[in-house]
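Novice:
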Amino acid sequence: QLISASATYLTFITYYDRPCGEIFVPDDVLVAGPSQIPDAGLGLYTTCALPMGTILGTYPGVIRPAKNFMIKYRNYPPCGTYVWRFTDNKRLIDPTDRYGNIQDVCVGGSTDWLLSTFWHEKVLGFWSVPTLLARVNE
278 QLISASATYL
288 TFITYYDRPC
298 GEIFVPDDVL
308 VAGPSQIPDA
318 GLGLYTTCAL
328 PMGTILGTYP
338 GVIRPAKNFM
348 IKYRNYPPCG
358 TYVWRFTDNK
368 RLIDPTDRYG
378 NIQDVCVGGS
388 TDWLLSTFWH
398 EKVLGFWSVP
408 TLLARVNE
């Protein structure tokens, strides 16, 4: 029973804290570079002209309940720069790591569930999504 319960729990956190997001354009089309806005960090640029209406992809990150995210935000305020709220204001998508920093990829995990961060970073680290689209917020 312990093995079954453990497997069920790991499946649960794998699903609910998985990284989401995808880039739809070829890898060489989007690049991050210094923003043209002073002191704004990096910006998102294209290496070629794209047709109007081109969908670049979906925003990266872990979908979390907004109320749970507020704990992370209080401890690491810069993470709020990259988070997008859903229109229902109950959920958001967070592309930052456990310390509120943006990395090149989001591996998933959260402090909402015991072992989730460890499980996603150390075991499922290969299952990551690029965070390039999150640079639109810098």
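Number 360 in the working numbering belongs to position 83 of the sequence shown; there are no gaps in the numbering. C-beta: ideal position from N, C-alpha, C; glycine also. From a predicted model like this one, the values you see are computed outputs, not experimental measurements.
(1) Where does Val382 fall in DSSP's three states?
(2) Is the Cβ-Cβ distance between Trp396 and Leu287 less than 8 Å?
(3) Where does the unbroken alpha helix (DSSP H) through Tyr286 begin, and where does it stop?
(4) On the premise that Gly334 lies in contact with Phe301, defined as a C-beta separation below 8 Å, what is that separation, rounded to the nearest angstrom?
(5) If you check the beta carbons only, do Pro337 and Thr408 fall under 8 Å apart?
(6) Taking the C-alpha atoms as reference points, what is the distance between Val413 and Asp374?
(7) For the beta strand (DSSP E) containing Arg368, name the first residue and the last one.
Specialist: Looking at the atomic coordinates:
(1) As a working note, residue 382 is residue 105 in the sequence shown. Correct three-state label for Val382: strand.
(2) Walking along the sequence shown from the start, residue 396 turns up at place 119. Walking along the sequence shown from the start, residue 287 turns up at place 10. Their beta carbons are under 8 Å apart, which means Trp396 touches Leu287 by this criterion.
(3) Counting from 1 along the sequence shown, the entry for residue 286 is found at position 9. Start and end: Leu279 to Tyr293.
(4) Here residue 301 is taken as the residue at index 24 of the sequence shown, counted from 1. Here residue 334 is taken as the residue at index 57 of the sequence shown, counted from 1. 5 Å between Cβ atoms; contact.
(5) To locate residue 337, count along the sequence shown from 1; it is residue 60. To locate residue 408, count along the sequence shown from 1; it is residue 131. Result yes, Cβ atoms of Pro337 and Thr408 sit closer than 8 Å.
(6) Here residue 413 refers to the residue found at position 136 when the sequence shown is read from its first residue. Here residue 374 refers to the residue found at position 97 when the sequence shown is read from its first residue. Cα to Cα, the separation comes out at about 17 Å.
(7) The residue you call residue 368 lines up with position 91 of the sequence shown. Unbroken beta strand (DSSP E) run through Arg368: Arg368 to Asp371.
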